[in-house]
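In my numbering, the protein residues as written are 8 to 629.
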């Protein structure tokens, strides 16, 4: 099997010249293809170790999955794979946090160590669970990192007196996909139960089937318990199970699975032969998103042929449709008293008789990517931009993800995107620009996106995120009550071009997509979300605490609404953007199939078949 030069660890090459996927399981250097300028990387840090004695499961390593633009094309790039945190031995203590994984300069956060009895879990990528307690208050789980993981579960108190320590159940560690389960309090004379580790996250839509746990990574460790009480199961994605104590099989926590970032299981009791499970080491998975340059020296030709990696001819074919609609994922937002709304995903709408050129032979399965909504972020960190929706490979039709909304500080100004995110009201921050290009068609261009609104510094009013049909509204008013944060820009109706296909196709927004998210304003109402799935912002008076804006509506590409907080918190996340959607019409004579089952093909009015993608998958047409 061919390997990627300069890499330490497993190499998994899926093709030459486009979308090569490489998994890196040990620190070293990865040699990218010549011409590679953009990658998508899943950066998974080491899981946290389990604690000792009535101890909680370790939190999973942070899972950061994002597109990265490289400073230069090709060449060798450094990668660090974080080790798992140590589980507690004897005498009992809390588990150790996992180590950080890094792709060039982008890093995720190591998982938090699980708490021991009467101690809280540690914060991390996902937080460690809280230990079981013999007296109030209950010990909380550690906080997760916004956009990377979830909090650990709380440890339970013992039951009514007299109740042995066995009645205490420790919390499960948080996972990338879910919070850790809470420890369950035992009712005398019955035992408690350890909380299950939080579930991991399935990244197979981006990278295919990869890794030791079938593309599910970063599960939390299960909580331990004592004297025969049931221990918590490890979370899917490599989390280790918690330990019990005699007559249970073992008091020791199970280690997290190697190269998953899974948290270690908590230890059930304290003793020289018992320990919390070690967290699973992390992994970095890299997908090269552009073609190699095609320029070869004689030496490189010889090397490529000897390694079996010489590129083969890649055919192309055309696919005739009766129209394509697609929208990228909407941008997320921050937590701030003057945050901007998330920008909508770029919208592409082609007319009847649209022809697209694709790589491969006619009848081959065509990859369809549905862009995910951008994650909400913590205090003073702008929202994450949404993911691109793509028909075919990167030479195909692309809807650009929406820009993240601006946050509290100037370095966290709004991001550009399909539609730009709204600017923050700290200072005067302009909204992000629209980058959705017009797509070449039979008679014109069909790409739509708008800029985000400008934040108003004197009024501390964030601008609304841009929409496919209109720019986001600027923040307005002086400091204090009224008027409000900027409204999200209007989306665009696709029914005039695509036809009225009904709710199963166009969803709850009745055929209008890509509305921008609203910005918020200190002491005044938050801006409304734009029609087409944009989320509304929260407007709250100082001192009233934290409130989350409305997320962009799923499968509309709507931007998230800005959230509100009077000060920084450990993990108070803003609202996420809505995921994208892809709809393709075909002449009735075609045979059309899609994967997976969440997507659908249905007859439509006007003698067409319609393929609807709400998640990433494949399209086959014959």
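Ideal Cβ placement from N, Cα and C applies to all residues, glycine included.
Taking the alpha carbon of residue i as the reference point, which residue from the options has its own alpha carbon closest?
i: residue 183; options: 68, 106, 103 and 89; result: 68
i: residue 616; options: 92, 607 and 218; result: 607
i: residue 104; options: 110, 122, 87 and 113; result: 122
i: residue 347; options: 332, 26, 376 and 463; result: 463
i: residue 236; options: 175, 210 and 467; result: 175
i: residue 296; options: 161, 91 and 395; result: 395
i: residue 380; options: 359, 73 and 131; result: 73
i: residue 516; options: 53, 248, 568 and 585; result: 585
i: residue 224; options: 604, 368, 269 and 146; result: 269
i: residue 554; options: 543, 562 and 571; result: 571
i: residue 387; options: 233, 407, 370 and 345; result: 345
i: residue 482; options: 466, 474, 473 and 475; result: 466
i: residue 290; options: 44, 51 and 564; result: 51
i: residue 630; options: 353, 191, 360 and 527; result: The first residue shown for the chain is 8 and the last is 629, placing residue 630 beyond what the model contains.
i: residue 56; options: 142, 164 and 259; result: 259
i: residue 151; options: 535, 113 and 70; result: 70
i: residue 245; options: 559, 558, 58 and 209; result: 209
i: residue 406; options: 383, 430, 536 and 456; result: 456
i: residue 512; options: 101, 263 and 562; result: 562
i: residue 597; options: 626, 569, 430 and 583; result: 626
i: residue 54; options: 582, 284, 458 and 491; result: 284
i: residue 353; options: 526, 442 and 111; result: 442
i: residue 556; options: 565, 542 and 564; result: 542
i: residue 220; options: 264, 251, 102 and 415; result: 264
i: residue 583; options: 113, 564 and 79; result: 564
i: residue 382; options: 126, 79 and 156; result: 156
i: residue 398; options: 415, 372 and 413; result: 372
i: residue 102; options: 112, 126 and 238; result: 126
Excluding the 5 residues preceding and the 5 following residue i in the sequence, name in chain order all residues of the same chain whose CB lies nearer than 7 Å to its CB.
i: residue 214; result: 28, 49, 222, 292 and 294
i: residue 422; result: 338, 389, 392, 410, 411, 428 and 439
i: residue 504; result: 330, 356 and 358
i: residue 432; result: 345, 462, 463, 464, 466, 467, 468, 469, 482 and 528
i: residue 39; result: 81, 82, 84 and 295
i: residue 172; result: Only weak support is given to the placement of residue 172: the predicted model assigns it a pLDDT of 46, under 50, and the question is left unresolved by the model.
Could you tell me how far apart the beta carbons of residue i and residue j are, in whole angstroms, since I believe they sit closer than 8 Å?
i: residue 498; j: residue 471; result: 12 Å between Cβ atoms; not a contact.
i: residue 186; j: residue 588; result: So it is not a contact: roughly 28 Å between Cβ atoms.
i: residue 218; j: residue 261; result: Not a contact, Cβ separation roughly 18 Å.
i: residue 88; j: residue 288; result: 6 Å
i: residue 138; j: residue 90; result: Incorrect: roughly 23 Å between the Cβ atoms, too far for contact.
i: residue 522; j: residue 540; result: 5 Å
i: residue 119; j: residue 130; result: 5 Å
i: residue 7; j: residue 86; result: Residue 7 lies beyond the range of the chain shown here (8 to 629); nothing can be said about it.
i: residue 594; j: residue 624; result: Incorrect: roughly 21 Å between the Cβ atoms, too far for contact.
i: residue 179; j: residue 228; result: 7 Å
i: residue 132; j: residue 349; result: Contact doesn't hold; Cβ gap of about 23 Å is too wide.
i: residue 230; j: residue 201; result: 3 Å
i: residue 189; j: residue 163; result: 7 Å
i: residue 340; j: residue 569; result: 5 Å
Cutting at 6 Å between CB atoms, please list the residues of its own chain near residue i, excluding the five before and the five after it.
i: residue 480; result: 460, 471, 493 and 494
i: residue 609; result: 617
i: residue 519; result: 498, 500, 538 and 539
i: residue 620; result: 375, 377, 589 and 606
i: residue 591; result: 328, 331 and 618
i: residue 370; result: 629
i: residue 159; result: 66, 128, 134, 135, 136, 148, 149, 178, 180, 181 and 187
i: residue 243; result: 206, 207, 223 and 226
i: residue 300; result: Because residue 300 carries a pLDDT of 40, less than 50, the predicted location of this residue cannot be relied on, and no value is offered for it.
i: residue 124; result: 60, 61, 138 and 139
i: residue 622; result: 377 and 605
Residue i CB to nearest chain C CB: under 8 Å?
i: residue 39; result: Any reference to chain C falls outside this structure, which holds one protein chain only.
Give me, in chain order, the residues of the same chain whose beta-carbon lies closer than 8 Å to that of residue i; leave out the 5 immediate sequence neighbours on both sides.
i: residue 99; result: 58, 59, 60, 62, 123, 124, 274 and 277
Counting pairs of Cβ atoms below 8 Å between the segment 94-105 and the segment 29-37, do you hit three or more? no
If we count Cβ pairs, one from each stretch, closer than 8 Å, do we get three or more for the segment 417-437 versus the segment 356-373? no
Inside the segment 31-113 only - beta strand (DSSP E) runs reaching at least 3 residues: 35-39, 45-51, 70-76 and 82-87
Ranges of the beta strand (DSSP E) found wholly within the segment 328-380, counting only runs of at least 3: 331-334, 354-356, 361-366 and 373-376
Within the segment 582-614, ranges of the beta strand (DSSP E) (whole runs, at least 3 residues): 588-594, 599-602 and 607-611
Mind pulling the alpha helix (DSSP H) runs of 4 or more residues that sit fully within the segment 182-249? 211-214
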